[in-house]
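Before any comments, here is the structure.
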Amino acid sequence: MRYSQELPPDQDPINHCIARLSNYKVNKPFGGSYVTITFHSGLTVAALLDSGNEWRSVISDGFARKLGFGENELQTLQGANVQTAAKGGRMCVLGELPREVSFQFDGCPAAGRFVFRPAVLKSLAMDVNVSRGFMAYHRMTQHHGENLLTIKGHR
1 MRYSQELPPD QDPINHCIAR LSNYKVNKPF GGSYVTITFH SGLTVAALLD
51 SGNEWRSVIS DGFARKLGFG ENELQTLQGA NVQTAAKGGR MCVLGELPRE
101 VSFQFDGCPA AGRFVFRPAV LKSLAMDVNV SRGFMAYHRM TQHHGENLLT
151 IKGHR
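Using this note's numbering, you'd call the opening residue of the sequence shown number 1 and step up by one each time.
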């Protein structure tokens with residue numbers, strides 16, 4: 001059922017699909033726009049919504065292990081390093097997950113589950129970094145003044 005075609009906008013759960021943004025501190029004295037997501041395996045983590053990440057969504061090597069993927073299972077990617085926002089900063093790309101994994105934004109069940117196949121970075125400071133491309137593809141908008149994330153392009 002596609003809600004936006006069958007229900008008036010004021011009754012459409014996707015129109016009101018909002019997740020709360022938080023300013024978690026993760027291993028370093030910086031904040032950011034984080035949301036809580038739960039993976040198919042039941043793991044719940046804070047994910048950074050990184051509008052400056054124009055490459056692809058990534059996860060840390062430690063989180064890949066928590067999802068059950070060993071480094072020897074990762075698929076090879078072109079390029080061994082990726083540039084970071086820090087001047088001259090680079091991170092080691094270990095590969096990408098061998099298959100897609102699914103997750104859901106907590107507080108927003110009407111949006112359903114999302115799938116991605118993230119790259120894995122060695123020693124990434126957070127578990128999950130959601131890229132600008134992923135957010136654009138799924139029509140997600142960050143509303144920093146209200147600490148909200150709308151999903152599917154509707155508010």
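Idealized CB from N, CA, C, for every residue including glycine.
Out of the options, which has the shortest C-alpha to C-alpha gap to residue i?
{"i": "residue 152", "options": "43, 105, 144 and 51", "result": "105"}
{"i": "residue 62", "options": "43, 112, 54 and 114", "result": "43"}
{"i": "residue 47", "options": "137, 125 and 133", "result": "125"}
{"i": "residue 138", "options": "37, 74, 111 and 52", "result": "111"}
{"i": "residue 78", "options": "88, 69, 94 and 149", "result": "94"}
{"i": "residue 101", "options": "147, 59, 71 and 33", "result": "59"}
{"i": "residue 52", "options": "130, 81, 80 and 144", "result": "130"}
{"i": "residue 49", "options": "41, 34 and 140", "result": "34"}
{"i": "residue 38", "options": "128, 76 and 98", "result": "128"}
{"i": "residue 76", "options": "40, 96, 135 and 144", "result": "96"}
{"i": "residue 55", "options": "82, 147, 98 and 114", "result": "82"}
{"i": "residue 80", "options": "120, 69, 145 and 99", "result": "120"}
Using 8 angstroms for Cβ pairs, my map puts residue i next to residue j. What's the rounded Cβ distance?
{"i": "residue 57", "j": "residue 118", "result": "5 angstroms"}
{"i": "residue 202", "j": "residue 91", "result": "The requested residue 202 does not occur in the structure, where the chain is confined to residues 1 to 155."}
{"i": "residue 143", "j": "residue 103", "result": "Between residue 103 and residue 143 the Cβ distance is about 21 angstroms, and since that is not below 8 angstroms, they are no contact."}
{"i": "residue 140", "j": "residue 148", "result": "Wrong, their Cβ atoms sit about 11 angstroms apart, outside the cutoff."}
{"i": "residue 134", "j": "residue 98", "result": "With 8 angstroms as the limit, residue 134 and residue 98 do not qualify as a contact, their Cβ atoms being about 19 angstroms apart."}
Following the continuous beta strand (DSSP E) through residue i, name the residue where it begins and the one where it ends.
{"i": "residue 46", "result": "44–50"}
{"i": "residue 133", "result": "That residue, residue 133, is in no beta strand (DSSP E); its alpha helix (DSSP H) goes 132–137."}
{"i": "residue 100", "result": "Careful: residue 100 lies outside any beta strand (DSSP E) and carries neither H nor E."}
{"i": "residue 91", "result": "90–96"}
{"i": "residue 123", "result": "Note, residue 123: premise wrong, no beta strand (DSSP E); not H, not E."}
Over what stretch of residues does the alpha helix (DSSP H) that includes residue i continue unbroken?
{"i": "residue 69", "result": "Unbroken run through residue 69: none, as it is neither H nor E."}
Give a yes or no on whether 8 angstroms exceeds the smallest Cβ distance from residue i to chain D.
{"i": "residue 125", "result": "Of the chains in the structure shown, none is chain D; there is only one protein chain."}
Name, in chain order, the residues that DSSP records as bridge partners for residue i.
{"i": "residue 151", "result": "Answer by DSSP bridge pairing: none, since residue 151 is not bridged."}
{"i": "residue 108", "result": "Its beta-bridge partners do not exist; DSSP assigns none."}
{"i": "residue 141", "result": "150"}
{"i": "residue 36", "result": "46"}
{"i": "residue 83", "result": "90"}
{"i": "residue 60", "result": "121"}
{"i": "residue 75", "result": "96"}
{"i": "residue 129", "result": "48 and 58"}
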